[in-house]
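**Q**
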Amino acid sequence: MYQSDSEGWASSKDLRSHLGHLESELLFLSTLTGISIRNYSMKTEDLANTEKTEKSMKKVLQRHRLSGNCHMITFQLEFQILEIQDKENLSSVITDLNIIMEPTEYSELSEFVSRAEERRDLLMFFRSLHFFVEWCEYRKRTFEHFKEKYPEAVHLPEGAASSYMVVQSTRQPGFELVIVWRVQIDEEGKVLPKLDLLPKAPQQALQLDRNRVLETAPLSFRALLGALGIEAALESLIKSLCTADYGRFPADSQVSKMPQEAPRPYAELTCSPRSP
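All residue numbers for the sequence shown refer to UniProt numbering, where the first residue is 1 and numbers rise by one.
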């Protein structure tokens, strides 16, 4: 870590003590949030007051630069903070924010980053990024769990880190369920899981489906999510398709604790009635 302005320290011992304290705080922050700061620098500039009414005010412009990562996502930040101090008050405001993200497969982040830059909201950026990564990691563990538990029925064409999982019947070729699990960030920075169920079946089966079971399956899945939650709903879905494939199911087990921002019941989860 590097800070350009160190003239204010009384001795090198005081500076080392302060840096040691900062390193401890950063380590705690990294452990708590998964966000690690690798490089940091700051420069300050005293701004001259030209107006007579502002002679009693002191303005300082801070230019900050830092880089870091939140698990597998890396970022660079450049932002400016204007401090204004008069005889009674000290105020500060972020006047500029630039976020550079390394290329990722998460297209959802692009719009979110633009929104955070426009609002100059550092808190929203870090908070939302933390929960976004938590949800992506939880989705990956969930997909891996069901792939391991039902290896013949569950398929991950693009790997566990992708946004969808395919469940196929080994006894009834052509029958499959595609679960699309997106992680979205709303206008206020809240991170929400969005799950869609896309059923696929042979044309002959669709013609014989007089009770419209396949057509209404996505809406039934939505109700199941609201009642059971994600893991139990996926488990029930897999079992309903693969009852003929497994004489005895493996014992139920939970993947892991969900991210703290998980809404329950899942009123925000949506399912699309259309097949791909």
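Beta carbons: idealized from backbone N, C-alpha and C, even for Gly.
Contact between the stretch 169 to 179 and the stretch 90 to 100: three or more CB pairs below 8 Å?
**A** No, because fewer than three Cβ pairs between the stretch 169 to 179 and the stretch 90 to 100 fall closer than 8 Å, the two stretches do not touch.
**Q** Using only alpha-carbon positions, find the residue among I185, G189, A232, A217 that is nearest to K200.
**A** As a working mapping, residue 200 is identified with position 200 in the sequence shown. The candidate whose alpha carbon is nearest that of K200 is A217.
**Q** At what residues does the alpha helix (DSSP H) containing R119 begin and finish?
**A** The residue labelled residue 119 in the question sits at position 119 within the sequence shown. Note, R119: alpha helix (DSSP H), 108 to 119.
**Q** Would you list the residues sitting across from P193 in a DSSP beta bridge?
**A** Taking the first residue of the sequence shown as position 1, residue 193 is located at position 193. In the DSSP output, where bridge partners are listed per residue, P193 has V183.
**Q** Assign E134 to one of three DSSP states: helix, strand, or coil.
**A** For the purposes of this step, residue 134 is taken as residue 134 along the sequence shown, with counting starting at 1. Helix.
**Q** From the DSSP output, which residues share a beta bridge with Q76?
**A** Start at 1 with the first residue of the sequence shown, and residue 76 comes out as number 76. S67, I100, per the DSSP bridge assignment.
**Q** With distance defined between alpha-carbon atoms, name the residue in L156, E152, G34 nearest to R141.
**A** Along the sequence shown, read from residue 1 onward, the residue named residue 141 stands at position 141. It is L156 whose Cα lies nearest to the Cα of R141.
**Q** Restricting to Cα atoms, I'd like to know which of A161, S67, D86, F112 is closest to L77.
**A** Counting from 1 along the sequence shown, the entry for residue 77 is found at position 77. That would be S67, whose Cα lies nearest to the Cα of L77.
**Q** Does D196 pass the burial test, meaning 16 or more other C-beta atoms within 10 Å, or should it be called exposed?
**A** What you label residue 196 is simply residue 196 of the sequence shown in a count that begins at 1. With 16 or more other Cβ atoms within 10 Å, it is buried.
**Q** Could you say which of K58, L47, I73, F79 lies nearest to S41 if we only look at CA atoms?
**A** Translated into the one-based positions of the sequence shown, residue 41 becomes position 41. When only C-alpha atoms are compared, the closest one is F79.
**Q** Less than 8 Å between the CB atoms is what I'm expecting for A153 and C242, so what's the real figure, rounded?
**A** Within the sequence shown, the letter at position 153 stands for residue 153. Within the sequence shown, the letter at position 242 stands for residue 242. Confirmed, Cβ separation roughly 5 Å.
**Q** Near F143, which residues of its chain fall below 7 Å by C-beta distance, leaving aside the five closest residues on each side in sequence?
**A** On the sequence shown, residue 143 is found 143 positions in, with the first residue counted as 1. Closer than 7 Å at Cβ, skipping near neighbours: L156, A160, M165.
**Q** Helix or strand or just coil, what does DSSP make of P259?
**A** The residue you call residue 259 lines up with position 259 of the sequence shown. In the structure shown, P259 sits in coil (DSSP, three-state: anything other than H, G, I, E or B).
**Q** Could you spell out where the alpha helix (DSSP H) holding S41 opens and where it closes?
**A** What you label residue 41 is simply residue 41 of the sequence shown in a count that begins at 1. No alpha helix (DSSP H) holds S41; the beta strand (DSSP E) holding it covers 35 to 47.
**Q** Compute the Euclidean distance between the alpha carbons of S30 and L123, then round it to the nearest angstrom.
**A** Sequence index remark: in the sequence shown, residue 30 carries index 30 (1-based). Sequence index remark: in the sequence shown, residue 123 carries index 123 (1-based). For S30 and L123, the distance between alpha carbons rounds to 15 Å.
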